[in-house]
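The structure appears below as structure tokens.
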Amino acid sequence: MHPLEYSVVSVLEGSSILVTGGTGSFGKAFIRYALDNLDPQRIVVISRDELKQYEARQLFDDDARLRWFIGDVRDLPRLRRAMHGVDYVVHAAALKQVDTAEYNPFEYVQTNVAGSQNVVDAAIECGVRRVVALSTDKASSPINLYGATKLVADKLFVSANHYAAGHPTRFAVVRYGNVSGSRGSVVPLFRKLNASGASLPITDKRMTRFWITLDQAVRFVVDSFDRMQGGELYVPRIPSMRIVDLVEAVAPDSATHEIGIRPGEKLHEEMIAPDDARRTIRFPDRYVVQPTIATWGYQPPSGGEEVPDGFTYRSDLNDRWLGVDELRVLMAGE
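If you want the numbering used here, it's the 1-based position in the sequence shown plus 11.
Okay, here's the thing in structure tokens:
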């Protein structure tokens with residue numbers, strides 16, 4: 012596995028940062044990293060669940076630098092208030108459950124699409140310098156409603172640079188796959204079932220997924236703030252894993268049974284589609300998918316190489332893999 016490369020000094024240091032959806036797994040990890048490493052003037056957390064916000068507040072003893080806003084990205088005036096005086100925004104708020112989206116599609120549209128546009132509008136109006144929005148592998152060639160809303164959100168953030176061209180605000184997107192240690196991880200479930208002697212449910216033994224740790228995801232986002240001009244979609248070069256290897260790592264010799272792929276689920280995940288290959292540049296630690304139209308002075312990043320025509324970054328076609336032993340090490344803290 013090639014290590015992800017990070018800047019030594021970040022533009023975020025000493026700044027005012029806002030995190031939407033800051034009480035999720037990524038948000039809490041980002042807050043901890045920022046407090047420990049970036050010496051921020053303040054971190055504004057906006058999220059809509061008062062219980063999760065209360066629980067998150069118990070994790071941090073830094074009232075001087077933390078501000079907590081109850082609010083929803085669907086509420087543009089509330090976003091404007093929260094972004095007052097903010098330099099940088101991490102947009103992590105989203106509805107994310109694939110199966111729930113299939114039953115409640117318009118709720119996902121309102122949060123993931125309309126809410127993202129609200130973040131764009133508020134950031135431009137408040138003079139925010141840079142915004143990085145978090146995407147998902149499900150946004151590439153989406154087959155489910157959740158992925159489709161995230162693809163739209165990605166395009167909203169990239170295109171936002173057009174009408175922000177006369178303003179200081181710039182937007183970029185970071186897309187990555189499954190996060191080890193995040194809320195909703197299958198690992199705790201596998202461990203619980205194994206401890207009780209129950210058979211572990213596997214959707215399909217052929218399934219593969221991309222894999223990144225929370226710490227890697229946070230540092231990749233921080234580094235993307237330093238590299239971005241606006242309009243880039245950053246994809247980390249991370250390893251894949253096989254679901255059967257994950258089971259062996261978590262619960263060796265346990266019984267398993269296949270339950271079939273769930274509605275809207277893929278056998279293998281994709282982060283860069285073949286049709287995006289012509290706009291993609293490869294670096295040792297990441298891919299950069301460039302904007303199709305750039306009117307704000309964007310220049311292709313130097314030092315990378317173009318990927319071949321028809322290239323696709325898919326979990327089963329990856330050149331980097333995690334074996335059983337490596338997965339055990341990565342999940343030791345879960």
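Just so it is clear, CB atoms sit at the ideal spot from N, CA and C, and this is done for glycine as well. The structure displayed is predicted, hence computed values, not measured ones.
So the beta strand (DSSP E) E66 belongs to, where does it begin and stop? The residue labelled residue 66 in the question sits at position 55 within the sequence shown. Run containing E66: none in the beta strand (DSSP E); it sits in the alpha helix (DSSP H), E61 to R68.
Best match in I154, N123 and R273 for proximity to R85 [C-alpha to C-alpha]: Walking along the sequence shown from the start, residue 85 turns up at place 74. Ranking I154, N123 and R273 by Cα distance to R85 puts N123 first.
Out of curiosity, what's the CA-to-CA distance linking T267 and G315? Mapped onto the sequence shown, residue 267 falls at position 256. Mapped onto the sequence shown, residue 315 falls at position 304. Going by the C-alpha atoms only, they are around 43 Å apart.
Can you list, in chain order, the residues of its chain with a C-beta nearer than 7 Å to that of R293? Leave out the 5 residues immediately preceding and following it. Here the question's residue 293 lines up with position 282 in the sequence shown. Hits under 7 Å: G315, E316 and V318.
Ends of the beta strand (DSSP E) at Y114? To locate residue 114, count along the sequence shown from 1; it is residue 103. From DSSP, Y114 is part of no beta strand (DSSP E) but of the alpha helix (DSSP H) over V109 to Y114.
Taking its Cβ as the centre, do 16 or more other Cβ atoms sit within 10 Å of Q310, making it buried, or is it exposed? Within the sequence shown, residue 310 is the residue found at index 299, counting from 1. It is exposed - the Cβ of Q310 has fewer than 16 other Cβ atoms within 10 Å.
Tell me the rounded alpha-carbon separation between F80 and N172. The sequence position of residue 80 within the sequence shown is 69, counting from 1. The sequence position of residue 172 within the sequence shown is 161, counting from 1. Looking at the two C-alpha atoms, the distance is approximately 27 Å.
Once the 5 residues before and after A104 are set aside, which same chain residues still bring their CB inside 6 Å of it? As a working mapping, residue 104 is identified with position 93 in the sequence shown. Cβ within range, chain order: T31, G32 and V84.
V255 to L333 span [Cα, whole Å]: The residue you call residue 255 lines up with position 244 of the sequence shown. The residue you call residue 333 lines up with position 322 of the sequence shown. V255 and L333: Cα-Cα distance of roughly 12 Å.
So, A133 versus L90, is the Cβ gap smaller than 8 Å? On the sequence shown, residue 133 is found 122 positions in, with the first residue counted as 1. On the sequence shown, residue 90 is found 79 positions in, with the first residue counted as 1. Closer than 8 Å, so yes.
Once DSSP output is grouped into helix, strand and coil, what is the label at P295? Mapped onto the sequence shown, residue 295 falls at position 284. In this structure, P295 counts as coil in the three-state DSSP scheme.
Between H268 and the ligand NAP, is there a pair consisting of the residue's CB and a ligand heavy atom that are separated by less than 7 Å? Ligands are entirely absent from the displayed structure, and the ligand NAP is therefore not among its contents.
Distance, Cα to Cα, A183 vs G96? In the sequence shown, the residue the question calls residue 183 occupies position 172. In the sequence shown, the residue the question calls residue 96 occupies position 85. A183 and G96: Cα-Cα distance of roughly 20 Å.
For L343, the three-state DSSP class (helix, strand or coil): What you label residue 343 is simply residue 332 of the sequence shown in a count that begins at 1. Here the sequence assigns Ala to residue 343, which means Leu is not the residue at that position. Three-state DSSP puts A343 in coil, outside helix and strand.
Closest residue to F117 among R181, D215, R92 and T160 (Cα-Cα distance): For the purposes of this step, residue 117 is taken as the residue at position 106 of the sequence shown. It is T160.
Complete runs of the beta strand (DSSP E) confined to the region 20-61 [at least 3 residues]: 27-31 and 53-58
If you check the beta carbons only, do L257 and L338 fall under 8 Å apart? Here residue 257 refers to the residue found at position 246 of the sequence shown. Here residue 338 refers to the residue found at position 327 of the sequence shown. Closer than 8 Å, so yes.
Mind reading off the beta-carbon distance from S251 to R331? Whole number of angstroms is fine, and I expect it under 8 Å. Within the sequence shown, numbered from 1, the residue matching residue 251 stands at position 240. Within the sequence shown, numbered from 1, the residue matching residue 331 stands at position 320. That belief holds up - the Cβ atoms of S251 and R331 are roughly 7 Å apart, short of 8 Å.
Which residues does DSSP pair with I81 in a beta bridge? Position 70 of the sequence shown holds residue 81. Beta-bridge pairing links I81 to S58.
By Cβ distance below 6 Å, which residues in the same chain neighbour T34 in space, the five residues on each side in sequence not counted? Along the sequence shown, read from residue 1 onward, the residue named residue 34 stands at position 23. S58, K63, Q64 and A67.
With distances taken from CA atoms, which of L244, Q108, K203 and V100 is nearest L23? Numbered from its first residue, the sequence shown carries residue 23 at position 12. Taking only the C-alpha atoms, the option nearest L23 is V100.
Could you tell me which residues DSSP pairs with A144 in its beta bridges? By one-based count along the sequence shown, residue 144 stands at place 133. Paired residues: H102 and V184.
Decide if P88 is buried, meaning its Cβ has at least 16 other Cβ atoms within 10 Å, or exposed. One-based indexing of the sequence shown puts residue 88 at position 77. Its Cβ having fewer than 16 others within 10 Å, P88 is exposed.
In the DSSP assignment, find the alpha helix (DSSP H) that holds N329 and state where it starts and stops. Numbered from 1 along the sequence shown, position 318 holds the residue referred to as residue 329. No alpha helix (DSSP H) contains N329, which DSSP labels as neither H nor E.
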